[in-house]
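Novice: Here the protein sequences line up with chains A and B, keeping their order. Going by the numbering used here, the first residue of the first sequence is number 4, and it counts up by one from there. Going by the numbering used here, the first residue of the second sequence is number 399, and it counts up by one from there. Ideal placement from N, C-alpha and C gives every residue a C-beta, glycine not left out. Predicted model only: the values in this text are computed from it and were never measured.
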Amino acid sequence: MSIFSLYIVNKSGGLIFQKDFADIARLNTNDALMQASIWHSLHAISSQISPLNGCTGIEMLETSTFSLHCFQALTGTKFFVTCAPRTTGVESLLRTIYEMYSDYVLKNPFYEMEMPIRCAAFDLQLVVAIKGMA
Amino acid sequence: MPPARIPTGPVTFSPVEKINAELFTLTYGSIVRQLLIDYEDNVESVNVQLEKMGYNIGVRLIDEFLAKSSCSRCNDFRETADVIAKVGLKMFLGVSASVTNWNAEGTECSLVMEDNPMVDFVELPEQYKNLSYCNMLCGVFRGALEMVNMKVESTCVRDMLRGHDAYEFRLRLLEVLQDEYPFKDDE
């Protein structure tokens, strides 16, 4: 599978969901939280330092070993995935994940907004969506 | 740069899963009825409670709306009101509204609906004539817009259940909230 992991960050920069899909070195919880906050800040800074108006933040980060694609909803929630370089279809995957979030997470009345996501249905649908990409 | 596409109402309405309209009307009616029983017919408290419930719905509904309609960022309040009336209401209630009565600064407008599935078959008895039956919808507007950084106030001004000729909701933009970035700890 070319998708390595998914992170969902709430509008205040806290990590609310993290899942690894490939056999890669796993970050421990603290490191994952830190990584999410760092990304949140970088994303915010990028729209501030942009030389052009109307910048909505970093959408893709490319390195030699992985790529990071990020999607920020208009409500401030960020969805970002790390994947193998030159993976295609990641943008539409992020949109699909956003739709699944709006269905399986937000419509769960016991899910508290901005809190960590613990919804089994969301996990299941995610695995289906990611497998569909490979 | 390609122009921003505002999707049309019917385009977003067709693929969305539908439910039986009567189930919706009955469910909403039983919520209102139960609230009246719980608050012992105190109409003002019920109005407040309906608005709060609507607020909680709105904060969650906005993400679904944005995900399914792939709407781009609105440039001003006028566009926002248009999107709510033509796309949002159509997507979730199956009816669209018209936007009228703008004030001079462009911060207040009215959403007018001729038809409202929430109130099918409903008749308000005399003792509840001050009940804002559709107040939940006012709360939904407030909750949804707050999540996209717009603080609004929404009230029901015309209500066919009270004898008027249409359903009119007044939307007032109080302020546009800026994103807060916790960069400076020494402030």
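(1) Terminal residues of the continuous beta strand (DSSP E) containing B:Asp518?
(2) Just mark B:His562 as buried or exposed, buried being the case when its beta carbon has 16 or more other beta carbons within 10 Å.
(3) Would you say B:Ala402 faces chain A, with C-beta separation under 8 Å as the test?
(4) Tell whether a beta-carbon distance below 8 Å holds between A:Leu55 and A:Met63.
(5) Give the C-beta separation of A:Ile19 and A:Glu102 to the nearest angstrom, bearing in mind that I take them to be a contact with Cβ-Cβ under 8 Å.
(6) Please report how far the alpha carbon of A:Lys110 lies from the alpha carbon of A:Glu65, in whole angstroms.
(7) Using three-state DSSP, classify B:Val493 as helix, strand or coil.
(8) On the three-state DSSP scale, how would you describe B:Glu585?
(9) Name, going along the chain, the residues of the segment 539-560 of chain B whose beta-carbon falls closer than 7 Å to a beta-carbon of chain A.
(10) Would you mind giving the Cβ-Cβ distance between B:Asn533 and B:Cys507, rounded to the nearest angstrom? I have them listed as a contact below 8 Å.
(11) Are the beta-carbon atoms belonging to A:Ile11 and A:Ile133 less than 8 Å from one another?
(12) Between which residues of its own chain and B:Ala564 is the CB-CB distance below 6 Å, once the five residues before and five after are set aside?
(13) Could you pull the DSSP bridge partners for A:Cys86 from this structure?
(14) Which word fits A:Thr91, buried or exposed, when buried means at least 16 other C-beta atoms lie within 10 angstroms of its C-beta?
(15) Could you check the C-alpha separation between A:Phe125 and A:Val131 for me, to the nearest Å?
(16) So which residues on chain A does B:Asp480 lean against when the C-beta distance must stay under 7 Å?
(17) Are there 16 or more other CB atoms within 10 angstroms of the CB of B:Asp439, so buried, or fewer, so exposed?
(18) So, is the C-beta of A:Lys110 closer than 8 Å to a C-beta in chain B?
(19) At least one CB of chain B closer than 8 Å to the CB of A:Tyr104: is that the case?
(20) Can you list, in chain order, the residues of its chain with a C-beta nearer than 6 Å to that of B:Gly541? Leave out the 5 residues immediately preceding and following it.
(21) List the residues of chain B whose Cβ lies closer than 9 Å to the Cβ of A:Met37, in chain order.
(22) Report buried or exposed for A:Thr59, applying the criterion of at least 16 other Cβ atoms within 10 angstroms of its Cβ.
(23) What are the start and end residues of the alpha helix (DSSP H) that includes A:Lys22?
(24) Is it the case that the Cβ atoms of B:Leu572 and B:Leu522 are separated by a distance below 8 Å?
(25) Are the C-beta of A:Thr85 and some C-beta of chain B separated by less than 8 Å?
(26) Please report how far the alpha carbon of A:Thr80 lies from the alpha carbon of A:Lys14, in whole angstroms.
(27) What residues from chain B crowd round A:Met118, counting only those whose CB sits closer than 9 Å?
(28) Identify whether A:Ser122 lies in helix, strand or coil by the three-state DSSP scheme.
Specialist: On the basis of the supplied data:
(1) Careful: B:Asp518 lies outside any beta strand (DSSP E) and carries neither H nor E.
(2) exposed
(3) With a pLDDT of 42 at B:Ala402, under the threshold of 50, the modelled position of this residue cannot be trusted, and the question is left open.
(4) no
(5) Incorrect: roughly 17 Å between the Cβ atoms, too far for contact.
(6) 34 Å
(7) coil
(8) For B:Glu585, the predicted model reports a pLDDT of 45, less than 50, meaning its position is unreliable; a value from the coordinates is still stated below. Correct three-state label for B:Glu585: coil.
(9) Met545, Val546
(10) Contact doesn't hold; Cβ gap of about 19 Å is too wide.
(11) no
(12) Val510, Glu512, Arg556
(13) A:Ile6, A:Ser70
(14) exposed
(15) 10 Å
(16) Here the premise fails: no neighbours, minimum Cβ distance about 16 Å.
(17) Per the 10 Å Cβ criterion, exposed.
(18) yes
(19) True, the Cβ-Cβ gap to chain B drops below 8 Å.
(20) Tyr453, Gly456, Val457
(21) Under the 9 Å cutoff, chain B gives no residues; its nearest Cβ is about 15 Å from A:Met37.
(22) exposed
(23) Segment 18-23 is the beta strand (DSSP E) holding A:Lys22; no alpha helix (DSSP H) there.
(24) Cβ distance not < 8 Å, so B:Leu572 and B:Leu522 don't count as in contact.
(25) no
(26) Whole-angstrom Cα-Cα distance: 5 Å.
(27) Result: empty, since nearest Cβ-Cβ is about 13 Å, beyond 9 Å.
(28) Note on residue identity: the sequence assigns Cys, not Ser, to residue 122 of chain A. Here A:Cys122 carries a coil assignment [DSSP, helix/strand/coil].
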